[in-house]
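Numbering (the working numbering), first residue to last: 92 to 466. Built from N, CA and C at the ideal position, the CB exists for glycine as well. The block underneath contains the structure these notes are about, expressed in structure tokens.
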């Protein structure tokens, strides 16, 4: 029981933290941040508001792999593969229909942004094949992709190449056109396949066959080793992301040190965020009886419901606000400062908790309804 609550709590935690970034992307578009963040033009409060949410995608996709392993403990490998494939297709379809509409407010949009739901869907499809490999092979594939993909970071294909579209989906973040439809590969998939693979092979760490104390010790060690390794490699400044700069200003230098590439996620980005995720899951296991962990577990038990709901609420609030007040920052309706993002985050977290908890309980009470598994 501790294990399941801690996993749901960690998933819920990153989902709630994700809300911060999506509020920023809705009500603070007049000051967009680059990837990695340009620390010379970005205020510390905006930088750290963005930085805090960096944990969301890596940990969620890692947990998706872990959940697939847990699912396979009660189902055959072929049943697990089929479920992953079907759910992957469902997520891809959901991204290019409902999610695109909720972000753009119209359908079809001028450009289809292929974002995190699309990416998770493709990762699940990839994992539906990978699970037939032996665990050591999946581990090797995952580690190779996550740790070494930066070596091919400078490899680019031009639109004239026959492999351009495929490479844009896998690794090269681009705007592509297929049959008159314009697409933006916001989340190149290849590095995330490595993350979901590592999540899957992490499953034995959460096996009920391992004593609780031994499991906690192992996960804690991996998390600490990962954080230490991140600081060592980042300090040496030789691999894993764009170099950081000692500017002579402590605040700007620290932001430069922490400014990591997410699209696609660099080795150091994934190393730091996944290691932090391991530390958090140990913390949530130790605090599993605390109310905060229980609340987070409700968010984590209905992640797709929460994802769709919060996008819908943000779009409705923006449309209402724009109709009442109009644009106040160029073409955008924006908050006057970063503090309002955090105020909106607190309010919306509380408001969205209740319908999410209701759906999580409804899902738990109606396990026989097949479509509920997808939410």
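Pairwise C-alpha distance: residue j and residue i
{"i": "residue 180", "j": "residue 209", "result": "9 Å"}
{"i": "residue 383", "j": "residue 318", "result": "25 Å"}
{"i": "residue 377", "j": "residue 369", "result": "13 Å"}
{"i": "residue 440", "j": "residue 326", "result": "36 Å"}
{"i": "residue 277", "j": "residue 220", "result": "24 Å"}
{"i": "residue 385", "j": "residue 99", "result": "9 Å"}
{"i": "residue 373", "j": "residue 206", "result": "29 Å"}
{"i": "residue 242", "j": "residue 454", "result": "44 Å"}
{"i": "residue 430", "j": "residue 295", "result": "42 Å"}
{"i": "residue 313", "j": "residue 409", "result": "42 Å"}
{"i": "residue 186", "j": "residue 292", "result": "27 Å"}
{"i": "residue 94", "j": "residue 102", "result": "With a pLDDT of only 48 at residue 94, under 50, the local geometry of the prediction cannot be trusted, and no value is derived from it."}
{"i": "residue 359", "j": "residue 406", "result": "33 Å"}
Assumed close pair residue i, residue j - CB separation to whole angstroms, cut-off 8 Å
{"i": "residue 279", "j": "residue 354", "result": "7 Å"}
{"i": "residue 104", "j": "residue 371", "result": "7 Å"}
{"i": "residue 214", "j": "residue 283", "result": "5 Å"}
{"i": "residue 420", "j": "residue 121", "result": "4 Å"}
{"i": "residue 255", "j": "residue 261", "result": "Their Cβ separation, rounded to whole angstroms, is 11 Å, which puts residue 255 and residue 261 out of contact at 8 Å."}
{"i": "residue 457", "j": "residue 97", "result": "Contact flag wrong, Cβ pair sits at about 24 Å."}
{"i": "residue 273", "j": "residue 203", "result": "7 Å"}
{"i": "residue 443", "j": "residue 400", "result": "6 Å"}
{"i": "residue 236", "j": "residue 285", "result": "3 Å"}
Outcome for residue i when other beta-carbon atoms lying within 10 angstroms are tallied against a minimum of 16
{"i": "residue 166", "result": "exposed"}
{"i": "residue 346", "result": "buried"}
{"i": "residue 306", "result": "buried"}
{"i": "residue 123", "result": "exposed"}
{"i": "residue 451", "result": "buried"}
{"i": "residue 269", "result": "exposed"}
{"i": "residue 394", "result": "buried"}
Sequence-distant residues of the same chain with beta carbon closer than 6 Å to residue i, five excluded per side
{"i": "residue 289", "result": "233"}
{"i": "residue 158", "result": "none"}
{"i": "residue 356", "result": "282"}
{"i": "residue 200", "result": "191"}
Counterpart residues of residue i in DSSP-defined beta bridges
{"i": "residue 266", "result": "275"}
{"i": "residue 326", "result": "DSSP, once it has assigned bridges, lists no residue as partnering residue 326."}
{"i": "residue 381", "result": "Bridge partners of residue 381: none, in fact."}
{"i": "residue 353", "result": "356"}
{"i": "residue 423", "result": "420"}
{"i": "residue 203", "result": "274"}
Cβ neighbours of residue i in the same chain (closer than 7 Å, five flanking residues each side left out)
{"i": "residue 349", "result": "142"}
{"i": "residue 342", "result": "135"}
Close-in-space but distant-in-sequence residues of the same chain around residue i (CB under 8 Å, 5 per side omitted)
{"i": "residue 316", "result": "366"}
{"i": "residue 176", "result": "215, 216 and 219"}
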